[in-house]
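Right, one structure below, let's go through it.
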Amino acid sequence: MINVKNLYHSYTNDENYAVEDISFKIEQGEVFGFLGPSGAGKSTTQQILIGLLALQQGEASIGGYDIKKPKEELFNLIGVSFEHPNVYKKLSGLENLEFYKKMFSVETEDSMKLLRMVGLESAANKKAGGYSKGMLQRLVFARSMINNPKIWFLDEPTSGLDPNTASEIKKIIRKKNDEGTTIFLTTHNMYIADELCDRIAFINEGKIELIDSPRNLKLKYGEKLVKIEYKENEKIKKESLSMINDEDKKKLNKLINEGKIETMHSQEATLEEIFIKVTGRGLK
Amino acid sequence: MKRMLAIFRRDIYSSTRDFLILYMIIAPILLTVGLKFFIPSAASASLQFALNSKLGAEVIEEFEKYGSVELYSSDEEIKERVGKIDDIAGISINDKGNFRIILEGNESHDTKEIPRKIVRSIVSGEEVDVNYKVSDIGIQMSPIAWIGGISLIITAITMGGILIGLNIIEEKESKTVKALNVSPMSRLEFIMGKSFIGIIIPIIDVFAILWILNMLDVNLYMIAVMTLASSIIGVIVGFLIGVTSPNQIAGIANMKLLFLLVGMSIIGAILIPQSQHFFLYWVPTYWAFMGFKGIILKTITWSQLGIYVIWILGLTCGIFLLLKNRIRKGLA
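Line by line, the protein sequences give chains Z and U. For the first sequence, position 253 (counting from the first letter as 1) is numbered 256 according to this note's numbering, and the numbering increases by one without interruption. For the second sequence, position 100 (counting from the first letter as 1) is numbered 398 according to this note's numbering, and the numbering increases by one without interruption.
Below you can see the structure in the form of structure tokens.
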């Protein structure tokens, strides 16, 4: 669905590249996460793919369309949810969607249905200028679904949302993915990437450091530890035991057999820990 | 077309929400009403008489030698006419056959004195001593009326452009232009859609200005053609303001600068001798001014008008091509 080969981009038109030699492929129906700290090159890559930045060097195609010469058909195929809420503040939420709808030449979604999906039904006729940051974010998210996109670009879709709304948004993303939508998710939020993505790419200083599924990354880079809480002499004790070390394994077996364990959790490495391990810097 | 109309409608909605469009339409109209108060005294350069038709053909013919004559059937109608805003003297005759001059009281010297002299000459049979007849060198309209009228027409055209500029700045500030750029809308559709408002406002305003100034007796087809051609100048001005201004404040600052350029070309066309007008040929508003001047003073032919339109379109196209990349980047 998305094919990127040796992509370079320089804002200064010299060899000071914001993204450098980036290549990846995204299959149909896949959720692909672009994970990296601010300034790593996530947004630059996304902006090139959606046509907001010129393709200077390299090749890229979306849904079979070369993005160097983007056609109307390509834009009918994609939906973009921007990180910063870019809506018309003087228009209501409904008017924003109704206006945007007219830009497409494919079958579009019902605007009220979309507003209902993101919990903005009651504010549909209120001017967007009176929306909170979270509401604006949801409106931008709803707008990105107006043309039933086959390829969906999401830039920090849950940024600024409360946990309940974020959970609703994640549900919508999963549902759309189940229906076959290919998703390109740009984020620096490791939890979102972990929860939603089939594969993730770690991008740092304009280069892709690795691409793999969250599970494989955890298995490859994480330590196999079990964190337990158990009772001993009427006191609760906490301990992390290795699942590879023989002594730790024996101790764990003993505690299980004696029925002393109160809580037990496997301790996989988080994506952030893996990112730090791979790139030497954090995700902030 | 669907997208262009959607963009146009959105701009109208957006501009009506804060009454911006209303101000832009009303401003030139209010200025025209203001101008109308100054015109009467200037219009007195061309004398006007409201005559009672009972005066007879001979007297009416005598008055027609000195100015324009309006005929009324009663003194009441004459009084009503004299009471209107412009300078006009009423002349009637009573039952005893004596002439009556009806004045409002605030008329200019000529409007008061010349009818008296004409009446005296009719009564006494002497030749009337009126310098006015000699000084009329074919001016059919007060310069204040036509210069003021054209200046307001060009202001209205620029207002349409300003609205385009402010709408583009709004798109840039809210970054909504990015959302449009990832939709199937083409840049040409965006430019065309944004331009409509800059054409419609001048058309409404120009006809309103002409109506207020009692100038609707001109060739209205010519006015329509000239307004359409000149509104392209407003559109270019609007896009220039829009793409060069990062916010509304900067937009207003740039607007002042562009107004200065527009104003200078009009002042230049009035003050610079005709032989040196070529200094102004590069300014599209100069051609708009000359075109409207010809139409309002009824001195222009269709072929001359065509030449002015070609100049306007050629120059605006040239400016657009020069700034094409700047506009493209500004809308990215």
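For glycine and all other residues, C-beta sits at the position ideal for the given N, C-alpha and C.
* Z/Leu213 lies in the alpha helix (DSSP H); which residues open and close that run? -> Here residue 213 of chain Z is taken as the residue at index 210 of the first sequence, counted from 1. Boundaries for Z/Leu213: no alpha helix (DSSP H) harbours it, while the beta strand (DSSP E) harbouring it runs 210 to 215, taken from the DSSP string.
* Are any of the Cβ atoms in chain Z nearer than 9 Å to that of U/Pro544? -> The residue given as residue 544 of chain U occupies position 246 in the second sequence. Between U/Pro544 and chain Z, the shortest Cβ-Cβ separation is not below 9 Å.
* Checking contacts by CB at 9 Å: is U/Tyr311 closer than that to chain Z? -> The sequence position of residue 311 of chain U within the second sequence is 13, counting from 1. Cβ-Cβ to chain Z under 9 Å: yes for U/Tyr311.
* Asked: In three-state terms, what does DSSP make of Z/Ser245?
  -> The residue you call residue 245 of chain Z lines up with position 242 of the first sequence. Here Z/Ser245 carries a strand assignment [DSSP, helix/strand/coil].
* Asked: In whole angstroms, what separates the C-alpha of U/Leu538 from that of Z/Ser170?
  -> Walking along the second sequence from the start, residue 538 of chain U turns up at place 240. Walking along the first sequence from the start, residue 170 of chain Z turns up at place 167. When rounded, the distance between both Cα atoms is 45 Å.
* Inter-stretch contact at 8 Å, needing at least 3 Cβ pairs: the region 155 to 169 of chain Z / the region 8 to 19 of chain Z -> Taking a contact to require three or more Cβ pairs closer than 8 Å, the region 155 to 169 of chain Z and the region 8 to 19 of chain Z do not qualify as touching.
* To do: Report all residues from its chain with a CB closer than 8 Å to the CB of U/Arg485; omit the five preceding and five following residues, and keep chain order.
  => The residue you call residue 485 of chain U lines up with position 187 of the second sequence. Same-chain partners within the cutoff: Arg626, Leu629.
* What is the DSSP secondary structure of Z/Ser125, counted as helix, strand or coil? -> Numbered from 1 along the first sequence, position 122 holds the residue referred to as residue 125 of chain Z. In the three-state DSSP reduction, Z/Ser125 falls in the helix class (H, G or I).
* Answer with yes or no whether the minimum CB distance from U/Tyr378 to chain Z is below 9 Å. => As a working mapping, residue 378 of chain U is identified with position 80 in the second sequence. It is Glu, not Tyr, that sits at residue 378 of chain U in the sequence shown. Not an interface residue.
* Kindly examine the ligand NAD and report whether one of its heavy atoms sits closer than 8 Å to the Cβ of U/Ile495. => Only the bare structure without any ligand can be found here, which leaves the ligand NAD out of the picture.
* **CB contact below 9 Å: Z/Glu98 versus chain U** => For the purposes of this step, residue 98 of chain Z is taken as the residue at position 95 of the first sequence. At least one CB atom of chain U sits nearer than 9 Å to the CB of Z/Glu98.
* Inter-residue CB distance, U/Ile665 and U/Phe618 (contact presumed, cutoff 8 Å) -> Nothing about residue 665 of chain U can be reported from this structure: the residues present for chain U run from 299 to 630 only.
* Is it true that the region 465 to 482 of chain U meets the region 508 to 526 of chain U, where meeting means three or more beta-carbon pairs spaced less than 8 Å apart? -> The answer is no - the region 508 to 526 of chain U does not touch the region 465 to 482 of chain U, with fewer than three Cβ pairs under 8 Å.
* 8 Å CB neighbourhood of U/Gly354 in its chain, flanking five on each side removed -> For the purposes of this step, residue 354 of chain U is taken as the residue at position 56 of the second sequence. Taking U/Gly354 as the centre and dropping the five residues before and after it, the same chain places no C-beta closer than 8 Å to its C-beta.
* **Members of the region 453 to 481 of chain U near chain Z, C-beta cut-off 9 Å** => Residues passing the 9 Å Cβ filter: Glu468, Glu469, Ser472, Lys473, Thr474, Val475, Lys476, Ala477, Leu478, Asn479, Val480, Ser481.
* **Inter-residue spacing [alpha-carbon to alpha-carbon] between U/Asp503 and U/His575** => Within the second sequence, numbered from 1, the residue matching residue 503 of chain U stands at position 205. Within the second sequence, numbered from 1, the residue matching residue 575 of chain U stands at position 277. U/His575 has its alpha-carbon roughly 28 Å from the corresponding atom of U/Asp503.
* CA-CA distance, Z/Gly61 and Z/Tyr194? -> The residue labelled residue 61 of chain Z in the question sits at position 58 within the first sequence. The residue labelled residue 194 of chain Z in the question sits at position 191 within the first sequence. Going from the Cα of Z/Gly61 to the Cα of Z/Tyr194 covers about 31 Å.
* To do: Indicate whether at least one CB of chain Z lies closer than 9 Å to the CB of U/Ser573.
  => On the second sequence, position 275 is the one that residue 573 of chain U refers to. False, the Cβ-Cβ gap to chain Z never drops below 9 Å.
* Asked: Is there at least one Cβ from chain Z nearer than 9 Å to U/Ala630's Cβ?
  -> Within the second sequence, residue 630 of chain U is the residue found at index 332, counting from 1. At a cut-off of 9 Å between beta-carbon atoms, U/Ala630 makes contact with chain Z.
* Compare the C-beta of Z/Arg141 against all C-beta atoms of chain U and say whether one is closer than 9 Å. => The residue you call residue 141 of chain Z lines up with position 138 of the first sequence. Interface criterion not met: the Cβ of Z/Arg141 is under 9 Å from no Cβ in chain U.
* Asked: Z/Gly54 versus chain U: which residues are under 9 Å apart at the beta carbon?
  -> For the purposes of this step, residue 54 of chain Z is taken as the residue at position 51 of the first sequence. Within chain U, the residues Asn479, Val480 have their CB atoms less than 9 Å from the CB of Z/Gly54, given in chain order.
* Asked: Since U/Lys415 is in the alpha helix (DSSP H), which residue starts that stretch and which ends it?
  -> Working through the second sequence from its first residue, we reach residue 415 of chain U at position 117. Residues 407 to 422.
* Mind listing, in chain order, the continuous beta strand (DSSP E) runs of no fewer than 3 residues lying wholly within the region 132 to 219 of chain Z? => Entirely contained in the region 132 to 219 of chain Z, the beta strand (DSSP E) runs reaching 3 residues are, in chain order, 154 to 158, 185 to 190, 202 to 207, 210 to 215.
* If we ignore side chains and look at the alpha-carbon of each, how far apart do Z/Glu275 and Z/Gln49 end up? -> Reading the first sequence from its first residue, position 272 is the one you call residue 275 of chain Z. Reading the first sequence from its first residue, position 46 is the one you call residue 49 of chain Z. About 21 Å.
* Asked: Three or more beta-carbon pairs under 8 Å between the region 129 to 142 of chain Z and the region 83 to 96 of chain Z, yes or no?
  -> Touching, yes, given that three or more Cβ pairs across the two stretches are closer than 8 Å.
* Would you say Z/Leu10 faces chain C, with C-beta separation under 9 Å as the test? -> Looking for chain C here will not work: the only protein chains present are Z and U.
* N- and C-terminal bounds of the alpha helix (DSSP H) containing Z/Thr266 -> In the first sequence, the residue the question calls residue 266 of chain Z occupies position 263. Counting along the chain, Z/Thr266 falls outside any alpha helix (DSSP H), though it belongs to the beta strand (DSSP E) covering 264 to 270.
* Under the three-state DSSP convention, the category Z/Lys253 falls into -> Translated into positions along the first sequence, residue 253 of chain Z becomes position 250. Looking at Z/Lys253 - three-state DSSP - the assignment turns out to be helix.
* Return the residue from the list Z/Asp69, Z/Ala126, Z/Leu220, Z/Ile175 that minimises the CA-CA distance to Z/Leu80. => Locating residue 80 of chain Z in the first sequence gives position 77, counting from the first residue. For Z/Leu80, the nearest C-alpha among the options comes from Z/Asp69.
* To do: Mind checking the region 339 to 371 of chain U against chain Z and listing, in chain order, the residues whose C-beta falls within less than 9 Å of any C-beta there?
  => Only those residues of the region 339 to 371 of chain U whose C-beta falls short of 9 Å from the nearest C-beta of chain Z would be listed, and there are none.
* Asked: Cα separation between U/Ala304 and Z/Phe78?
  -> Within the second sequence, numbered from 1, the residue matching residue 304 of chain U stands at position 6. Within the first sequence, numbered from 1, the residue matching residue 78 of chain Z stands at position 75. C-alpha separation (whole angstroms): 18 Å.
* Asked: What are the partner residues of U/Glu368, as DSSP defines its beta bridges?
  -> Position 70 of the second sequence, counted from the first residue, corresponds to residue 368 of chain U. According to DSSP, U/Glu368 bridges with U/Ala348.
* Quick one, which residues of the region 78 to 110 of chain Z are near chain U if we go by CB-CB under 8 Å, in chain order? -> Within the region 78 to 110 of chain Z, contact with chain U at the beta-carbon level (separation under 8 Å) is assigned to Phe78, Asn79, Ile81, Val83, Phe85, His87, Asn89, Val90, Tyr91, Lys92, Lys93, Leu94, Glu98, Phe102, Tyr103, Lys105, Met106, Phe107, Ser108.
* Asked: If U/Asp408 and U/Leu345 are in contact, beta carbons under 8 Å, what's the gap, nearest whole angstrom?
  -> Translated into the one-based positions of the second sequence, residue 408 of chain U becomes position 110. Translated into the one-based positions of the second sequence, residue 345 of chain U becomes position 47. Under the criterion of beta carbons closer than 8 Å, U/Asp408 and U/Leu345 qualify as touching, at roughly 6 Å.
* **Z/Asn6 (DSSP reduced to helix, strand or coil)** => Here residue 6 of chain Z refers to the residue found at position 3 of the first sequence. Judged by DSSP in its simplified three-state form, Z/Asn6 adopts strand.
* Asked: Under a CB-based cut-off of 9 Å, is U/Ile437 close to chain Z?
  -> By one-based count along the second sequence, residue 437 of chain U stands at place 139. Its pLDDT being 47, under 50, U/Ile437 is placed unreliably in this model, and the value from its coordinates should be taken loosely. Not an interface residue.
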